[in-house]
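Numbered per UniProt numbering, the sequence shown spans residues 1 to 213. By construction, the Cβ of each residue, glycine as well, lies at the ideal position given by its N, Cα and C atoms. Since this is a predicted model, take the numbers as computed values, not measurements.
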Amino acid sequence: MNPPSPVPHAGALAGCSDDSQGHAERATQTAPHRGTQTPRSTAPKTPDCGPDSTLSQSDWIDQCGSASTPSGQQPDTELALGDTFAYDDGVKITVRSIGRITRFGEYDDHPDADQTAYRVTWNIYNGTKRPLDLANVYEEEEGATNGGTPAALTVEKGSRYMSGRIAPGHTGTFTNDGALDKTYGTALVITFSRNDIGDDVRAEDPHWTGTIK
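Below, the structure is given as structure tokens:
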């Protein structure tokens, strides 16, 4: 009679599960040049980012929702504009900017007087060995300060809506336009999700926080 199989310890069981979709690549992470002396590190001052924070909206974005916050304090899914989220399968997404739209064509949508029109621009790099179907990639925006769902907006000049596929080893640049009520401020959270990553879809999606500029 064969002896019973050993029961794996808790650490081994924990190693079998993955509760993330990938990792962050911060825009501020740069390696020192060879031959230069690395400055002595100092403990960064932690900003007041809690729900009862007394920071103004602009200060909160600068200190809590941007690259100025020490990267070691940020989860991999909380990113600033310019940061990249690298999925485990090799796909990378970088939200580059949230620009204010001030010029409109004859047939473009126009925001209401109490709204701010904006354009989000991002890159998607396909580091896999198969074409990336963009029908499986979703982008969503919402107000970052006190909520608010932006209205859809269509401005043709310079727009590059996300559709089609990206070949392996190639990068696509895409945009989405919207209009946010001014009562919700000018801060946005951009969330990306994918439904082609198997069980990783259950993990937290990456979020980028920034202001309309």
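A direct Cα-Cα distance of roughly 39 Å separates Asp199 from Gln115.
Counting C-beta atoms within 10 angstroms of its own C-beta, Val120 has 16 or more neighbours from the protein chains shown and is therefore classed as buried. From the listed residues Arg165, Gly99 and Gly105, the smallest Cα separation to Pro131 is found for Arg165.
For Asn126, the enclosing beta strand (DSSP E) covers residues Gln115 to Asn126. DSSP, reduced to helix, strand and coil, places Ala144 outside both helices and strands of the structure shown, so it counts as coil. Shortest Cα-Cα distance from Gln21 to any of Lys92, Gln74 and Thr28 involves Lys92. Counting the other CB atoms within 10 Å of its CB gives Asn146 a total below 16, which places it among the exposed residues. Within the DSSP secondary-structure output, Phe192 pairs in a beta bridge with Glu139. Annotation: the continuous beta strand (DSSP E) that includes Ile98 extends over Val91 to Arg100. Here Tyr184 carries a helix assignment [DSSP, helix/strand/coil].
As DSSP reads the structure, Glu78 sits in a beta bridge with His207. Look at Arg202 here: in three-state DSSP terms it is helix.
A straight line joining the alpha-carbon of Glu204 with that of Thr175 spans about 23 Å. Between the segment 83 to 97 and the segment 141 to 155, the count of C-beta pairs closer than 8 Å stays below three; the two stretches do not touch. The Cβ atoms of Asp177 and Ile101 lie closer than 8 Å to each other.
Counting along the chain, Phe85 sits inside the beta strand (DSSP E) bounded by residues Thr84 to Tyr87.
For Met162, the closest of Thr173, Ala117 and Tyr87 by C-alpha to C-alpha distance is Thr173.
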